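Data first, discussion second: the structure below is written as structure tokens.
There are 2 protein chains.
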Amino acid sequence: MGEVAANIEALRAAVAEAVAAGAQLVVAPELATSGYVFADGEEARAAALRRDDPRWEAITADLPDGVVVVVGYAEDAGDRVFNTAAVLTRSGRLGDYRKSHLWGEESRFFAPGDAAGAVFDTPVGRLGVAVCYDNEFPEVPRRLALAGAEVLALPVNWPLVDRPAGERAPETIQAMAAARSSRLATVIADRHGSERGVAWTGGTAIIDDDGWIAAAAAAGGAGPVVATLRLRHPGDKSLPPHNDLFRDRRPDLYT
Amino acid sequence: MGEVAANIEALRAAVAEAVAAGAQLVVAPELATSGYVFADGEEARAAALRRDDPRWEAITADLPDGVVVVVGYAEDAGDRVFNTAAVLTRSGRLGDYRKSHLWGEESRFFAPGDAAGAVFDTPVGRLGVAVCYDNEFPEVPRRLALAGAEVLALPVNWPLVDRPAGERAPETIQAMAAARSSRLATVIADRHGSERGVAWTGGTAIIDDDGWIAAAAAAGGAGPVVATLRLRHPGDKSLPPHNDLFRDRRPDLYT
């Protein structure tokens, strides 16, 4: 919580571990550089990074070519602070997405973004990015898939909520359904353990484009979690012999 | 398959059994009066019912006041046949919804409807109705909930598909997610057994407005399945203390 230098070093080491395991796309949790449970806006601002902060170099300097890293962070944007996800490669920053659906007390610390998820062209394909509560609005993964996203990177911080015995976290179920509805593989990176009395779900998981869990964190929730996703041809939403998940839509009727 | 008189008698008996168990809303599967696996359009037409067919009386005549029954049927609409769900009470027919997302070979037998689900005012509240594949388009349950549906009646015929060991049917996961996203309790009535070589999922289940399974058919899939749903105040989508599932939407960003 608030220990930015230590968090960046932990990120650097975790990304290196994932890359050593063969990962081409690495996703870290929401607000991974800062912590989540801020006491006030000043604390959030103190832990915020500018996009051009030289400390980003520590995470990207040793990346192999073609590897993409998505990291949630508190973004210092001058007059405002955002809950943002950075899309990074060694050769350059591909972009940033600012969370637009703010949960809980986040509006005390962050301004809302002005897009409902975003899509970036990356070395691993067209990459959708959303942050945590964004994905509980089914419109978000849907619109990213319709915009051509092949994989969704989803940094989250899921506070642990009650669920019936034997059930997955509800947010996981929502992500599985969204993945299947739009054939959108989804890489979830969650916080684990607890922070200032908030227990986390530890829901880190990789969901394939049929909506099934390809790999998930063991009990406790620690990463890294690594899986190989075999994606269909980009944009192929066909359900042979008669159907297609996108062509069967009736957008004229969705008003 | 095609034995309309026998199917209506089976429906009458099943509805009476559910009512005797205390049900106020009874949902039967898609195409419950006709069978599903038609060989050709002539067979579908031969098993179709007009809305004013006197045989509907057999299902409704003995209903207690206030009970609502939703039945999937092949609708003879003169020049066209639709895959329709009827919303019935003893004192009158409240309406019909024609499936608009046709799956598999259905377009050989049925014309598509011109609405993506529908909402009816009934003695059990504002009732959303969709049919099977409709609900795999997240836009459908979402728009019904936004239109005020408190409960979704979902007649389905889910052909059994592969799934990982220990997982629920994918359509169930999609319905759970949709229910939670919009706080929309969902009553699924599925076919079971098999028909002309098509094995059915037997996914009959009642999902509460948090997206959890309140009751589900036992192995084999036979009904009736009965549960008491405790619904929140109609239209209450609040997530205290800071959030609201609907007010937190950013529809301006969903284009």
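As they're listed, the protein sequences go chains W and U.
Using this note's numbering, the letters of the first sequence correspond one by one to residues 1 to 255.
Using this note's numbering, the letters of the second sequence correspond one by one to residues 256 to 510.
Glycine included, each C-beta is placed from N, C-alpha and C at the ideal position.
Note that this is a predicted model, so its numbers are computed, not measured.
Item to check | Spatial distance of N338 (chain U) from W413 (chain U) (CA atoms) | outcome: Each residue's alpha carbon lies about 14 angstroms from the other.
Next on the checklist: I need the boundaries of the alpha helix (DSSP H) containing G41 (chain W), first residue and last residue.
Outcome noted: 41–46
Item to check | For W455 (chain U), the residue or residues it bridges with in DSSP | outcome: U:P414
Checklist entry - Using a C-beta to C-beta distance shorter than 9 angstroms, which residues of chain U count as neighbours of P138 (chain W)? => result From the beta-carbon of P138 (chain W), the residues of chain U found nearer than 9 angstroms are P393, E394, P396, R397, A432, A433, S436, S437.
Checklist entry - For V281 (chain U), which of helix, strand or coil comes out of DSSP? => result strand
Next on the checklist: To be precise: take each residue of the segment 408–426 of chain U, compare its Cβ to all Cβ atoms of chain W, and keep it if any distance is under 8 angstroms. Which residues remain?
Outcome noted: R418, P419, E422, P425
Checklist entry - Going along chain W, which residues have a C-beta under 7 angstroms from S493 (chain U)? => result Here the premise fails: no neighbours, minimum Cβ distance about 13 angstroms.
Checklist entry - How big is the Cα-Cα spacing for R126 (chain W) and A469 (chain U)? => result 39 angstroms
Item to check | Near-chain C residues of the segment 207–224 of chain W (beta-carbon distance less than 9 angstroms), N- to C-terminal order | outcome: The displayed structure is made up of protein chains W and U, and chain C is not among them.
Next on the checklist: Counting only beta-carbon separations shorter than 9 angstroms, does E312 (chain U) have a partner in chain W?
Outcome noted: no
Checklist entry - Hey, Y73 (chain W) and L31 (chain W): beta-carbon distance below 9 angstroms or not? => result yes
Checklist entry - Taking Cβ to Cβ, would you say A86 (chain W) is nearer than 9 angstroms to W56 (chain W)? => result yes
Checklist entry - Hey, out of W:A177, W:L88, W:G2, W:E195, whose CA is closest to I207 (chain W)'s CA? => result Relative to I207 (chain W), the option among W:A177, W:L88, W:G2, W:E195 whose CA is nearest is W:A177.
Checklist entry - Between U:L318, U:P309, U:A301, U:A371, which lies nearest to R267 (chain U) when the distance is taken from Cα to Cα? => result U:L318
Item to check | Own chain residues within Cβ distance below 6 angstroms of R345 (chain U), not counting five before or after | outcome: Hits under 6 angstroms: T315, L318.
Checklist entry - Between A14 (chain W) and chain U, is there a C-beta pair that is closer than 9 angstroms? => result no
Checklist entry - In chain U, which residues lie less than 9 angstroms from W103 (chain W) when you measure between Cβ atoms? => result L494, H497, N498, D503
Checklist entry - Taking the alpha carbon of D464 (chain U) as the point to measure from, which residue in U:S493, U:M256, U:E297 has its own alpha carbon closest? => result Taking only the C-alpha atoms, the option nearest D464 (chain U) is U:S493.
Checklist entry - Name the chain W residues that come within less than 8 angstroms of L508 (chain U), Cβ to Cβ? => result S100, D114, A115, A116
Checklist entry - DSSP on E330 (chain U), reduced to helix/strand/coil? => result strand
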